[in-house]
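Colleague: Add 131 to the 1-based position in the sequence shown for the working numbering, that's all there is to it. A virtual CB, placed ideally from N, CA and C, is assigned to each residue, including glycine. This one's a predicted model, so the numbers in the text were calculated from it and none came from an experiment. Before I ask anything, here is the structure I am working with.
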Amino acid sequence: QYSFIEPVLTQRLESEKVDEEYSALFFMSIGVSMIFACHFSHYIENLLGYKSSMQMSMIMLGIICSLMGPFPFFFIPHALWPTGILCLIAGFFEGVCLVPVVSEIMRVHSHFPDKESLNDYACGLFTTFYALGDILGPITGNALYLNFGFAWTCNIIGGIIILVGLAYILFC
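Shown next, in the form of structure tokens:
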């Protein structure tokens, strides 16, 4: 989600003529709340279970991403302060969604006899897909932004995240 929102939000802030100092606050809010979420995600994971915490965070992340660009049919006036607050909340749910993946990899990896090579394989696989998202996210976000604008781009990506969350609920 972060790699998608970076070019889209940058262009949105430039179109609103926001200073660079203030635009940095939007991106810092995502990172700071993600750091905060990483410390509390184990508590949430123990409270709900890792699958439920990931499912809840995916659905909430999709809803928040959709709210960043208000749905065009709701006629909600769009100001930048709700976007900043939603960036803060999105960073939290992104951290809650990401940390259980790593703990699940480590839990599954503990059942295999050759832990050293499996650890390398699991970490490499996680890093590969995370890097793939970092490559495809800005390309997809920028292409959607140029074709549909900010509001529809946020709604499209939010819908995709919700669909992935629903697929995870149904099949995992």
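(1) For the candidate residues E151, F302, R143, Y174, whose alpha-carbon lies nearest to that of P231?
(2) Quick one: is Y261 buried, meaning 16 or more other Cβ sit within 10 Å of its Cβ, or exposed?
(3) Cutting at 7 Å between CB atoms, please list the residues of its own chain near L192, excluding the five before and the five after it.
(4) Compare the Cα-Cα distances from I296 to each of N177, S184, V163 and report the closest residue.
(5) Taking only three categories from DSSP, how would you classify E147?
(6) Which residue marks the beginning of the alpha helix (DSSP H) containing C303, and which one marks its end?
(7) Rounded to whole angstroms, what's the CA-CA distance from L217 to P244? Just pull it up for me.
(8) Rounded to the nearest angstrom, what separates L256 and M237 at their Cα positions?
(9) Apart from the five residues just before and just after D265, which ones in its own chain have a Cβ nearer than 6 Å to its Cβ?
Modeller: On the basis of the coordinates in this document:
(1) Y174
(2) exposed
(3) Q132, A221, F224, E225, C228, I292
(4) The sequence as given places Gly at residue 296; Ile does not occur at that position. Closest by alpha carbon: S184.
(5) coil
(6) No alpha helix (DSSP H) holds C303; DSSP gives it neither H nor E.
(7) 44 Å
(8) 13 Å
(9) S134
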